[in-house]
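Report on one structure; see the data block that follows.
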Amino acid sequence: FFLTPYAETAVAHNNFAFIDRLWKDRSPDWKLDPDYMRKLKETLSKSGTLKNALTYYRQKYGANQPSQRHSQFAAGFGKKTIDVPTLYLHGENDGCIGVDLQIGMTELFPKGLRSICIEGAGHFLHLEKPDLINQHVTDFLKA
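Here the sequence shown is numbered in the numbering used here, starting from 223 and rising by one per residue.
As structure tokens, this is what we get:
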């Protein structure tokens, strides 16, 4: 949908009602914070902001010609190892990216992969469970 030429108009329609629905789909158990959502919509309303946000998807999924650097990176994705200890956090109820994404990743992280599935969280971990996420990151960095 974000690749279509009318995405910007549709997303902005009716005071960004699309964003409310999308965020609810991505994090079904999270009660949206009205003040946060108001600020998000204000930001997306600023000139060029929504277009730039959608450009991420357009670039990633092929609507725009990828840069040579991006193409080189993408060609090696999943083939090269990540040679630093890594923390991977994923919400068990993520309505955007399935929790099974992490299956089979361990071999790509020879220096260690700590993978944690966050119960009762969806796609926006840092908003839904900020204290828990901060604790996991702090513990990981201390280790």
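No residue lacks a Cβ here, since even glycine has one placed at the ideal position from N, Cα and C.
Self-check item: Contact under 8 Å by Cβ, E315 with D251
Solution: Along the sequence shown, read from residue 1 onward, the residue named residue 315 stands at position 93. Along the sequence shown, read from residue 1 onward, the residue named residue 251 stands at position 29. Before going further, note that residue 315 is Asn rather than Glu in the sequence given. Yes.
Self-check item: Assigned exposure category for A343 - 16 Cβ within 10 Å defines buried
Solution: Residue 343 sits at position 121 when you count from the first residue of the sequence shown. Taking a 10 Å sphere around the C-beta of A343, we find 16 or more other C-beta atoms and assign the residue as buried.
Quiz item: Where does T366 fall in DSSP's three states?
Solution: Since the first and last residues shown for the chain are 223 and 365, residue 366 lies out of range.
Quiz item: Helix, strand or coil: how does DSSP classify H345 here?
Solution: The residue given as residue 345 occupies position 123 in the sequence shown. Reduced to three states, the DSSP call for H345 is coil.
Self-check item: Where S267 falls, given that 16 or more other Cβ within 10 Å makes a residue buried
Solution: The residue given as residue 267 occupies position 45 in the sequence shown. When all chains shown are included, S267 counts as exposed.
Exercise. Please determine, among G300, T303 and A229, the residue with the shortest C-alpha to C-alpha distance to T277.
Key: Residue numbering aside, residue 277 sits at position 55 when the sequence shown is read from its first letter. Closest by alpha carbon: A229.
Self-check item: Coil, strand or helix - G298 by DSSP
Solution: Walking along the sequence shown from the start, residue 298 turns up at place 76. Helix, per DSSP.
Quiz item: In chain order, what residues of the same chain lie with their CB nearer than 8 Å to the CB of P352, ignoring the 5 residues before and after it?
Solution: As a position in the sequence shown, residue 352 is number 130, starting the count at 1. The answer is none, since no qualifying residue turns up.
Self-check item: Among H235, K364, Q294 and G317, nearest to L309 - alpha-carbon criterion
Solution: Taking the sequence shown and counting its residues from 1, one reaches residue 309 at position 87. It is K364.
Quiz prompt | L311 in three-state terms, based on DSSP | solution = The residue you call residue 311 lines up with position 89 of the sequence shown. Reduced to three states, the DSSP call for L311 is strand.
Self-check item: Alpha-carbon spacing of T328 relative to F295, whole angstroms
Solution: The sequence position of residue 328 within the sequence shown is 106, counting from 1. The sequence position of residue 295 within the sequence shown is 73, counting from 1. Those two C-alpha atoms are separated by around 20 Å.
Quiz prompt | Close beta carbons around P332, own chain, < 6 Å, minus the five adjacent residues each side | solution = In the sequence shown, residue 332 corresponds to position 110, counting from 1. For P332, where only same-chain residues beyond five positions count, the Cβ hits under 6 Å are T303.
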